[in-house]
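Before any comments, here is the structure.
Number of protein chains: 2
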Amino acid sequence: MAKFQINILGCGSATPTARHQPSCQVVDFRDKLFMIDCGEGAQGQFRRMGLKFSRLNHIFISHLHGDHLFGLPGLLSTMALHEVTGSVTVHVFREGARLMKEWMDFFNRNAPFEIIYDVIEEGERRVVYEDAGLVIETFPLYHRTPCNGYIFREKPKLRHLRGDAVKFHAVPVSMMKSIKEGADFIKPDGTVIPNTMLTTDADPSMSYAYCSDTMMDMRVAADVKGVDTIYHEATYDDSLESQARERGHSTARQAGRIAREAGAKRLIIGHFSKRYNSEEILLKEASEEFPDVIVANEGLRIDLE
Amino acid sequence: MAKFQINILGCGSATPTARHQPSCQVVDFRDKLFMIDCGEGAQGQFRRMGLKFSRLNHIFISHLHGDHLFGLPGLLSTMALHEVTGSVTVHVFREGARLMKEWMDFFNRNAPFEIIYDVIEEGERRVVYEDAGLVIETFPLYHRTPCNGYIFREKPKLRHLRGDAVKFHAVPVSMMKSIKEGADFIKPDGTVIPNTMLTTDADPSMSYAYCSDTMMDMRVAADVKGVDTIYHEATYDDSLESQARERGHSTARQAGRIAREAGAKRLIIGHFSKRYNSEEILLKEASEEFPDVIVANEGLRIDLE
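Just so you know, the protein sequences line up as chains A and B, in that order. With this note's numbering applied, the first sequence corresponds to residues 15 to 319, in that order. With this note's numbering applied, the second sequence corresponds to residues 15 to 319, in that order.
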């Protein structure tokens, strides 16, 4: 299987603690790295996890709270010292782009790469990145300040050729690609060999949604409907449900409900309040709503499969 | 002895490594905390060392390189979450004040304390803080961008009363303070009792100078002349002396020379290049120039005495 891996660099909330770093994830899609949020200390976590600066060209910021972006100046400065070239695109709300640009124009003016700011508008739903194998979309979350999530969708993969059948029907090499893409094979004599006789199904395409920070909102479930693996914030346990709503956050149980409603296969919970010395209660409450829950932790790598 | 303690929060250079954090120190003077430089991750180190946000009201930034101030936004935001009140004064060059204010006006607009910016001018020598027991001065260093150091000077302390003599001469309580300050005692009959008969010497007043980042420059030795304990950057070993000068840094040996020239009692070296897996060579080379060298390390506390 081609690599599609979620790296958890930080899954705490608000302030770094002895247990957790502020928000940061890196999606490794076939060795291209995509960072989502960049709390203070992200660059250190990035290196501790053995990730390569030269493979990081896109950074997606969900919203303009410090614990989701105060690691950016340091990360970009260190990338400059590592002689990263080309460009790094920061996808961020307008005011965040302005503030980052102010700092980077001063502190990082000699960087050997260009910093491009892709301005996300509040409430926007659109494709923010696309290449041959991957599409990344943004969509609104519901926090106490504008906040957007991101969905990573692997594009449909090629079907597998059946070697014996391909040989038997003497399919020329020049046709292989279109047959892997699903075309039938028309023989020189006009006979049509249906694609299903020549191929077996492609591997399934995976998808991943990042939902932090947000209160529970069924519009989120609708936006991430059908995504395989969902990361959803789970700042609090049941006993703090009203505080969660006040502060624009979710409980672990609510994260479980969103995953169920969205028809996900797997849920990753994170953005834990610093009050918890163990996430056991959060895992328990989320698991009462949804069967397959992973508790995020710094250094954790999750393969989508 | 009243507390006068240097806390090393970070003593690396340029980028955080597995061994060292970027520059940050906290001077604890009789339980008031003064931070010097604030590299990324400073807030985490601050808490790991058990320091109290409520006691921190002054932060001194030496220069506008990211590894000396990218921890500020996170630190100030966390202080806001800890409900620190009153004011925090950031002593920093003009452009740094402008950039910090831009960010804090946005990211920290609800902080329960005021952030005051005390603008240091390039090359300036002046008192930047004073209270009943302490004076802090700034003075120029010689880096590849404007850079200033800071000297902490304990004010002269009160002399110790000799209990027996005070009793014998029936010194009234109302006179005690002036006698501790050095006054003679004039008895009701006009007899003068010289202060030296009533007191013994005060404890010595300590001083501390922070010199990072800078190339070796004898003007620094002149500015810190007579200071007891000097922190001087020691980025490189002898073999990289020309690189040190090119980049506006010092070797460990040069740090030793400055300490000797200044007549210091003790030298702390830090700001180590990430190339060193051990600071042994730096200690060796500095020690060949100056007898009492301490190698900085994260978590180290040094009592001035």
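The beta-carbon is built from N, C-alpha and C at its ideal position, and this holds for glycine as well.
CA-to-CA distance, residue 222 of chain A to residue 22 of chain A, given in whole angstroms: 13 Å
Distance CB(residue 26 of chain A)-CB(residue 35 of chain A) smaller than 8 Å: yes
Interface residues of chain B facing residue 120 of chain A [CB-CB closer than 7 Å]: 109 and 113
Test: residue 175 of chain A CB closer than 8 Å to a CB of chain B: no
Start and end residues, beta strand (DSSP E) containing residue 315 of chain A: 315 to 317
Contact set between residue 284 of chain A and chain B, taken where Cβ atoms lie within less than 7 Å: None at all; the shortest Cβ gap to chain B is about 19 Å.
Contact under 8 Å by Cβ, residue 235 of chain A with residue 272 of chain A: yes
Within-8 Å CB hit, residue 287 of chain B to chain E: Protein chains A and B are contained in the structure displayed, whereas chain E is not.
Straight-line gap, residue 187 of chain A to residue 153 of chain A (C-alpha atoms, nearest Å): 42 Å
Local conformation of residue 180 of chain B per DSSP, three classes: helix
Where the alpha helix (DSSP H) containing residue 233 of chain B begins and where it ends: 232 to 237
Rounded C-alpha distance that separates residue 80 of chain A from residue 42 of chain B: 28 Å
Buried/exposed call for residue 230 of chain A, threshold 16 Cβ in 10 Å: buried
Test: residue 160 of chain A CB closer than 8 Å to a CB of chain B: no
Within 8 Å of chain A by C-beta, residues of the stretch 251 to 266 of chain B in sequence order: none
Contacts of residue 57 of chain B in chain A (Cβ-Cβ under 9 Å): 29, 30 and 54
Beta-carbon spacing of residue 252 of chain A, residue 267 of chain A below 8 Å: yes
Beta-bridge partners of residue 225 of chain B, as assigned by DSSP: B:246
Test: residue 99 of chain B CB closer than 8 Å to a CB of chain A: no
C-beta neighbour in chain A for residue 91 of chain B, strict 8 Å: yes
Residue from B:73, B:278 and B:77 whose Cα sits closest to the Cα of residue 304 of chain B: B:278
Neighbour list for residue 84 of chain A in chain B, Cβ cutoff strictly below 7 Å: 87 and 88
DSSP state of residue 46 of chain B mapped onto helix, strand, coil: strand
Helix, strand or coil at residue 202 of chain B according to DSSP, with G and I counted as helix: coil
Selected residue, minimal CA-CA separation from residue 157 of chain B, among B:33, B:208, B:233 and B:84: B:233
Per-residue contacts from residue 80 of chain A into chain B (C-beta, under 7 Å): 87, 88, 91 and 121
Reduced DSSP category for residue 128 of chain B - H, G, I as helix; E, B as strand; rest coil: strand
Straight-line gap, residue 134 of chain B to residue 137 of chain A (C-alpha atoms, nearest Å): 42 Å
Identity of the residue in B:209, B:311, B:165 and B:287 nearest residue 240 of chain B by Cα: B:165
Nonlocal neighbours in the same chain, by C-beta distance under 7 Å from residue 99 of chain A, ignoring five residues either side: 126 and 127
The alpha helix (DSSP H) enclosing residue 154 of chain A, as first and last residue numbers: Per DSSP, residue 154 of chain A belongs to no alpha helix (DSSP H); it is in the beta strand (DSSP E), 148 to 154.
Residue 209 of chain B - containing alpha helix (DSSP H), residue span: 209 to 212
Same chain only: Cβ atoms within 7 Å of residue 196 of chain B, ignoring 5 sequence neighbours per side: 173 and 209
Assigned exposure category for residue 139 of chain B - 16 Cβ within 10 Å defines buried: exposed
Cα-Cα separation between residue 311 of chain A and residue 67 of chain A, rounded to whole angstroms: 22 Å
Option in B:184, B:214, B:47 and B:85 with minimal Cα separation from residue 194 of chain B: B:214
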